[in-house]
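Residue 1 is where the sequence shown starts when you use UniProt numbering, and the numbers rise one by one after that.
Idealized CB from N, CA, C, for every residue including glycine.
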Amino acid sequence: MTLDIHQILKLLPHRYPFLLVDRVLEMEKGKRITALKNVTMNEPFFNGHFPHRPVMPGVLMLEAMAQAAALLSFHSLDIVPDDNTVYYFAAIDGARFKRPVEPGDQLTLEVEIERMKAGISKFKGRARVGEELACEASLMCAMRQIN
1 MTLDIHQILK
11 LLPHRYPFLL
21 VDRVLEMEKG
31 KRITALKNVT
41 MNEPFFNGHF
51 PHRPVMPGVL
61 MLEAMAQAAA
71 LLSFHSLDIV
81 PDDNTVYYFA
91 AIDGARFKRP
101 VEPGDQLTLE
111 VEIERMKAGI
121 SKFKGRARVG
131 EELACEASLM
141 CAMRQIN
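Pasting the structure below:
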């Protein structure tokens with residue numbers, strides 16, 4: 001299954017400048033997702049991180065993986081989220097940053113489900129630029145209903 005930006009916007013509540021998934025290349029229900037984030041010089045965080053050598057903040061790579069994980073969870077559980085559905089980070093473990101991500105890079109987000117139970121899911125995430133690993137981490141996320 002693939003998703004374009006219009007379909008992603010219907011599923012994720014994030015908007016500019018915090019929407020960090022541009023396209024879903026493939027998604028296997030209950031298993032994995034591969035998504036893209038195109039990194040451009042127009043990203044607002046590059047103004048201050050760092051003006052002399054722009055680098056995507058590592059926490060935003062983790063957030064991009066979590067957004068991909070949310071899309072995978074919604075698809076796996078056959079859920080179309082509404083305005084009362086939120087998907088929170090519950091934990092991040094073993095985060096490692098292997099290479100800087102710069103303007104012009106295309107970040108490929110690879111997320112696999114390790115466990116899903118009672119609205120809490122654990123994932124293994126990797127972000128790559130080409131074949132090079134940029135970031136990896138274990139992510140735990142929780143889906144909740146708010147009023």
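Inset, instruction - Would you be able to state if there are at least three C-beta pairs under 8 Å between the region 116 to 129 and the region 60 to 71? - result: The region 60 to 71 makes contact with the region 116 to 129; the number of CB pairs closer than 8 Å reaches 3 or more.
Legend entry - Completely contained beta strand (DSSP E) runs for the region 82 to 131, where each covers 3 or more residues: The qualifying runs are 85 to 97, 106 to 117 and 120 to 129.
Inset, instruction - Give every residue of the same chain whose Cβ lies closer than 7 Å to the Cβ of K94, excluding the five residues on either side of it in the sequence, and list them in chain order. - result: In the sequence shown, residue 94 corresponds to position 94, counting from 1. It should be noted that the sequence gives Gly, not Lys, for residue 94. Closer than 7 Å at Cβ, skipping near neighbours: A137 and S138.
Legend entry - In DSSP terms, what H138 is bridged to: For the purposes of this step, residue 138 is taken as residue 138 along the sequence shown, with counting starting at 1. The question names His, but residue 138 in the sequence shown is Ser. In the DSSP secondary-structure assignment, S138 is bridged to D93 and K124.
Inset, instruction - Note down, in chain order, each residue of its chain lying with its Cβ closer than 7 Å to the Cβ of D4, except the 5 sequence neighbours on either side. - result: Locating residue 4 in the sequence shown gives position 4, where the first residue counts as 1. Closer than 7 Å at Cβ, skipping near neighbours: R23.
Legend entry - Which listed residue (P17, R144, Q106 and R32) has its alpha carbon closest to that of R115: What you label residue 115 is simply residue 115 of the sequence shown in a count that begins at 1. Nearest option by C-alpha distance: R32.
Legend entry - Beta-carbon proximity list for T2, same chain, < 7 Å, skipping 5 on both sides: Mapped onto the sequence shown, residue 2 falls at position 2. Apart from sequence neighbours up to five positions away, the residues of its chain that approach T2 with a beta-carbon distance below 7 Å are V24, L25 and E26, ordered along the chain.
Inset, instruction - Tell me whether K37 is buried or exposed, calling it buried when 16 or more other Cβ atoms sit within 10 Å of its Cβ. - result: Stepping through the sequence shown from its first residue, residue 37 is reached at position 37. Its Cβ being crowded by 16 or more others within 10 Å, K37 is buried.
Inset, instruction - Could you tell me whether any non-hydrogen atom of the ligand GTP is closer than 7 Å to the CB of L20? - result: In the structure shown, the ligand GTP is absent, as is every other ligand, since no ligand is present at all.
Inset, instruction - Check E28 in the structure and name its three-state DSSP category. - result: Along the sequence shown, one-based indexing puts residue 28 at 28. DSSP places E28 in strand when its eight states are reduced to three.
Inset, instruction - Return the residue from the list I113, V101 and L107 that minimises the CA-CA distance to R53. - result: On the sequence shown, residue 53 is found 53 positions in, with the first residue counted as 1. When each option's Cα is compared against that of R53, the closest is V101.
Inset, instruction - For my contact list, T108 and T34 are in at a C-beta cut-off of 8 Å; report their separation, rounded to the angstrom. - result: For the purposes of this step, residue 108 is taken as the residue at position 108 of the sequence shown. For the purposes of this step, residue 34 is taken as the residue at position 34 of the sequence shown. The Cβ separation is near 7 Å, so the contact holds.
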